[in-house]
Amino acid sequence: MSEKIAASPALIERAGIEIIPESERTAKPRDLFWPWFAANVSVFGMSYGSFVLGFGISFWQATIVSIVGIVVSFALCGLIAIAGKRGSAPTMVLSRAAFGVHGQKVPGIVSWLTSIGWETFLAIMAVLATATVITQLGGDGDSIALKIIATVVVAALIVAASVLGYHTIMKMQSVLTWITGAVTILYVILTIPHIDLAAVMARPAGGIGAVIGALVMVMTGFGLGWINIAADWSRYQKRTASDGAIVFWNTFGGAVAPVLLVVFGLLLAGSDDELMAAVGADPIGALATLLPIWVLVPFLLTAVLALVSGAVLGIYSSGLTLISLGIRIPRPSAAAIDGVILTLGTIWVVFFATDFLGPFQSFLITLGVPLASWAGILIADILRRKKDYDDEALFDANGRYGSWDWTSIVTMVVASVIGWGLVVNNFAAEAAWNNWQGYLLFLIGGREGDWAFANLGVFLALVLSFLVTWFARAGKIRRQES
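Mapping to our numbering: the sequence shown position 384 is 792, numbers consecutive.
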């Protein structure tokens, strides 16, 4: 039996993984602009300019890679968002149509770990940025008391908003959009004098392997990093909403700010090798060093709010994913549990870890392979379907979607095994525990070859899973909808 409740517009949203009733599905496609734009207008996006150029490619190569990677990855999120409109349930519940009611727990665990990782990363960035800016203002950025206060404030903001739920988050994002947008524009104006076009244009071009590696990183860092929660924000859409409009507003809202920010970040990083190196240790703090003292406080507040905005979306959805795995607790409680994990992770990195960016990026590429496979499977499943989901069957292992869809599960496992063989841990010194990957790189020149760092395994997992699902499950999907 499907679980349907009225999603109350009161202060705390009570809806969990239940089907949102028709009376509560009042959102319009253009409403999707606000959460996606607010979560991605962070100054942190400029730091990707340093990351992309770090692959040894030219400015023009990096610009094309950034635009294509950002737009395409958020367009994939838009395709997943179609499922939210058709089923009015969270992403991981709708994925049961492709994996089975119980089989969905396999990608569900990967999704939950990815969300927890991302939201913790954003919280850590907010705390580190606070310490750096306070130092620039003449204070003691290494003060234990300061870091404790920053950690508590950041974690409290993230957890409070995610516990309150959808309606509060949507209102919060619409406000943050204007605040962060305005200060970001101010940052761009103030830092334009730091751009050295001659130095930027003098950067040599890189090989095709480096270009593809940068493209994979951009796609993983932007759209693919959000793809496992894409339908969570479209489940309040009317079933009659246009699929094309949902894809457009999801893509436009998510991509427009990052495209502009990353390209500007390329200009800054390409002008200053020292800045490019500093961004790797403290992305937000390094960017703040270019600003005059009088603007540091509003810059800090805006940067922290933007990072909090992104983390709120992640923790809200990770709570929904936790419930979809079979843990029977209210949605606010699930968000609170994930908030505790986020806080503990932030405390560990800020106070005890010697390095976190390397291991974290290694962690993300490891999860990025199976997540890309899951996305390929679900996108093919969504595009093959012509009707809305069966609400009852999404919660019934004996329903039309079954308990386990072995075609999807085997596809994901095989694609992940192949994909892991074609990615390499870029951070061997800091993440030696993850050196087991890359066992198929001998097929394309080995670990020292030009293609070693292209991370082709992510693309392969996505495309292979899509193609297998498109053909292998076509008949089953037709039978489910008949």
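No residue lacks a Cβ here, since even glycine has one placed at the ideal position from N, Cα and C.
Since the structure is predicted, the reported quantities are computational estimates derived from the model, not experimental observations.
Locate the alpha helix (DSSP H) running through residue i, then write down its first and last residues.
i, result
"P437", "Careful: P437 lies outside any alpha helix (DSSP H) and carries neither H nor E."
"N374", "Since the first and last residues shown for the chain are 409 and 890, residue 374 lies out of range."
"P601", "Where P601 is concerned, there is no enclosing alpha helix (DSSP H), given that its DSSP letter is neither H nor E."
"A889", "Correcting the residue type first, residue 889 is Glu in the shown sequence and not Ala. First-last of the alpha helix (DSSP H) with E889: A882 to E889."
"Y456", "F452 to L461"
"Q469", "F467 to G495"
"S894", "Not covered by the structure: residue 894. The range shown for the chain is 409 to 890."
"F759", "R739 to F759"
"K794", "Counting along the chain, K794 falls outside any alpha helix (DSSP H), and DSSP gives it neither H nor E."
"W859", "W859 -> no alpha helix (DSSP H), and no H or E assigned at all."
"L623", "I616 to G629"
"I635", "Unbroken run through I635: none, as it is neither H nor E."
"K555", "I552 to L572"
"S811", "Per DSSP, S811 belongs to no alpha helix (DSSP H) and is neither H nor E."
"F803", "Where F803 is concerned, there is no enclosing alpha helix (DSSP H), given that its DSSP letter is neither H nor E."
"Q691", "The sequence shown places Pro at residue 691, not Gln. Start and end: P691 to A696."
"L896", "As shown, the chain starts at 409 and ends at 890. That puts residue 896 outside it, with no answer to give."
Considering only the beta carbon of each residue, do residue i and residue j sit closer than 8 angstroms?
i, j, result
"L674", "G453", "no"
"A869", "L484", "no"
"I692", "A711", "yes"
"L713", "L554", "no"
"S741", "I637", "no"
"A780", "V866", "yes"
"I731", "I425", "yes"
"G652", "G631", "no"
"Y797", "A568", "no"
"L849", "V825", "no"
"R881", "W657", "no"
"L598", "V703", "yes"
"T819", "S770", "no"
"V479", "A470", "no"
"G477", "V626", "yes"
"A696", "A686", "no"
"V449", "G589", "yes"
"S474", "V664", "no"
"G508", "G810", "yes"
"I603", "L683", "no"
"G486", "T729", "no"
"K795", "R647", "no"
"I542", "I635", "no"
"W641", "P443", "yes"
"D746", "G734", "no"
"V591", "F441", "no"
Apart from the five residues just before and just after residue i, which ones in its own chain have a Cβ nearer than 8 angstroms to its Cβ?
i, result
"G617", "G857, D858, W859, A860, F861 and A862"
"L775", "V518, L521, T522 and G525"
"G621", "F463, F861, A862 and N863"
When DSSP builds the beta bridges, which residues end up paired with residue i?
i, result
"Q512", "DSSP lists no partner for Q512."
"Q544", "Looking at the DSSP assignment, Q544 forms no beta bridge with any residue, so it has no partner."
"Q845", "Paired residues: none, contrary to the question."
If you drop the 5 nearest sequence neighbours on each side, which residues of the same chain put their C-beta closer than 6 angstroms to that of residue i?
i, result
"A491", "L502, A639 and I790"
"G511", "W812, D813 and I817"
"W878", "A788"
"G718", "A447 and L530"
"A558", "V535 and T538"
"G827", "V777, G865, L868 and A869"
"V705", "none"
"Q888", "R808"
Please list, in chain order, all residues of the same chain as residue i whose beta carbon is under 7 angstroms from its beta carbon, the five residues on each side excluded.
i, result
"F467", "V608, M609, R611, L674 and G678"
"V562", "A531, A534, V535, V712 and V716"
"R886", "none"
"T528", "L750, G753 and T754"
"A435", "Y644 and Q645"
"L830", "L848, L849, L864, G865 and L868"
"L772", "G525 and T628"
"A805", "V509, H510 and S811"
"A744", "V567 and V571"
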